[in-house]
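J.: Everything in the sequence shown is counted per the working numbering, starting at 9 for the first residue and increasing by one. Below is one structure. I have some questions about it.
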Amino acid sequence: MRQHDIGFNTVRTVGPALGGIVVASFGLVTALAVTTLSLPGTAGDHMALQVEGSLLTSRA
9 MRQHDIGFNT VRTVGPALGG IVVASFGLVT ALAVTTLSLP GTAGDHMALQ
59 VEGSLLTSRA
């Protein structure tokens with residue numbers, strides 16, 4: 009569980025910093041384009057996620 013917490017907190021810290029760098033370097037339109045292009049990958053990761061004990065993975 010600690011690895012998950014470390015990863016989550018790292019992403020919460022690094023993500024906005026990278027977003028600020030993209031906005032400062034390339035502008036708001038590019039930052040929005042990067043966000044738009046990254047959303048399908050994120051959605052795919054969430055759909056592929058299998059949580060132990062959930063309805064999706066339990067086999068009765």
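No residue lacks a Cβ here, since even glycine has one placed at the ideal position from N, Cα and C.
Would you report the Cα separation of G49 and G35, rounded to the nearest angstrom?
T.: Each residue's Cα considered, the two are about 23 Å apart.
J.: Mapping DSSP to helix, strand and coil, what is L57?
T.: Coil.
J.: Measure the beta-carbon distance from V30 to T38 and round it to whole angstroms, keeping in mind my assumption that it falls under 8 Å.
T.: At roughly 6 Å, the Cβ-Cβ gap stays under 8 Å, so V30 and T38 are in contact.
J.: How big is the Cα-Cα spacing for G15 and G23?
T.: Approximately 11 Å between the Cα atoms of the pair.
J.: Give me the Cα-Cα distance between L57 and H12, rounded to the nearest whole angstrom.
T.: Looking at the two C-alpha atoms, the distance is approximately 14 Å.
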